[in-house]
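Just so you know, we're using this note's numbering here: the sequence shown kicks off at 7 and counts up by one. We put the CB at the ideal spot given by N, CA and C, even for glycine. Quick caveat: nothing in here was measured; it's all calculated off a predicted structure. Inspection log for the structure reproduced underneath, given as C-alpha coordinates.
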Amino acid sequence: MRYTYTITYAENKTPGLGGEVMHAMSWKKMLKSLLLKHPKFSGWCTYFNKHGHLQVKALSDGKIVHERKRN
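Following this line, the structure appears as C-alpha coordinates:
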(Lines of atoms letter the chains of each structure in order from A and count residues from 1; the text may use other names and numbers.)
(Lines give C-alpha, C1' and ligand atoms only; values in the text may rest on other atoms or scores of the structure.)
Protein backbone atom coordinates (compact mmCIF):
# COMPACT_ATOMS: atom_id res chain seq x y z
CA MET A 1 0.00 0.00 0.00
CA ARG A 2 1.11 3.53 -0.65
CA TYR A 3 0.39 5.28 2.66
CA THR A 4 0.65 4.23 6.28
CA TYR A 5 -1.96 5.79 8.57
CA THR A 6 -1.63 5.91 12.35
CA ILE A 7 -5.00 5.81 14.08
CA THR A 8 -5.18 7.27 17.61
CA TYR A 9 -8.33 6.88 19.69
CA ALA A 10 -9.62 9.84 21.71
CA GLU A 11 -10.73 7.60 24.60
CA ASN A 12 -7.68 5.30 24.48
CA LYS A 13 -9.44 1.97 23.78
CA THR A 14 -6.11 0.19 23.39
CA PRO A 15 -4.05 0.87 26.55
CA GLY A 16 -0.32 0.48 26.04
CA LEU A 17 -0.47 0.47 22.24
CA GLY A 18 -1.25 4.16 21.70
CA GLY A 19 -2.90 3.52 18.37
CA GLU A 20 -3.42 1.34 15.36
CA VAL A 21 -1.66 1.26 11.98
CA MET A 22 -3.60 0.94 8.72
CA HIS A 23 -2.35 0.77 5.14
CA ALA A 24 -4.33 2.16 2.19
CA MET A 25 -3.88 3.72 -1.23
CA SER A 26 -5.79 6.92 -0.38
CA TRP A 27 -7.31 8.89 2.48
CA LYS A 28 -10.88 8.15 1.30
CA LYS A 29 -10.30 4.38 1.18
CA MET A 30 -8.72 4.36 4.62
CA LEU A 31 -11.57 6.45 6.07
CA LYS A 32 -14.19 4.15 4.55
CA SER A 33 -12.56 1.00 5.95
CA LEU A 34 -12.05 2.66 9.36
CA LEU A 35 -15.70 3.70 9.61
CA LEU A 36 -16.86 0.21 8.61
CA LYS A 37 -14.96 -1.20 11.61
CA HIS A 38 -15.77 1.66 14.02
CA PRO A 39 -18.86 3.66 12.86
CA LYS A 40 -18.71 6.16 15.76
CA PHE A 41 -14.92 6.64 15.72
CA SER A 42 -13.50 9.61 17.65
CA GLY A 43 -9.80 10.38 17.43
CA TRP A 44 -7.04 11.34 15.01
CA CYS A 45 -5.53 9.93 11.83
CA THR A 46 -2.00 10.96 10.90
CA TYR A 47 0.04 10.25 7.77
CA PHE A 48 2.71 11.73 5.51
CA ASN A 49 1.43 12.98 2.15
CA LYS A 50 3.22 12.61 -1.20
CA HIS A 51 5.25 15.78 -0.52
CA GLY A 52 6.47 14.39 2.80
CA HIS A 53 4.42 16.70 5.02
CA LEU A 54 2.70 15.38 8.13
CA GLN A 55 -1.10 15.50 7.88
CA VAL A 56 -3.38 15.21 10.91
CA LYS A 57 -7.13 14.70 10.47
CA ALA A 58 -9.51 14.76 13.44
CA LEU A 59 -12.74 12.77 13.58
CA SER A 60 -15.60 12.98 16.06
CA ASP A 61 -18.47 10.47 16.09
CA GLY A 62 -17.53 9.24 12.62
CA LYS A 63 -17.39 12.72 11.01
CA ILE A 64 -14.42 14.84 10.00
CA VAL A 65 -13.84 17.90 12.18
CA HIS A 66 -13.06 20.89 9.96
CA GLU A 67 -11.07 23.78 11.36
CA ARG A 68 -12.49 27.16 10.62
CA LYS A 69 -10.45 29.30 8.25
CA ARG A 70 -8.82 32.35 9.77
CA ASN A 71 -8.09 35.50 7.81
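- Beta-bridge partners assigned by DSSP to phenylalanine 54: Leu60.
- Only residues of its own chain outside the window of five on either side were considered, and among them Leu41, Pro45, Lys46, Phe47 have a CB closer than 6 Å to the CB of glycine 68, listed in chain order.
- For the options Ile70, Gln61, Lys43, the alpha carbon positioned closest to that of threonine 12 is the one of Gln61.
- Selection Ser39, Trp33, Ser66, Lys43 evaluated against threonine 52 yields Trp33 as nearest (Cα-Cα).
- When secondary structure is reduced to three states using DSSP, serine 39 falls in the helix class.
- Bounds of the beta strand (DSSP E) holding glutamate 26 are 26-30.
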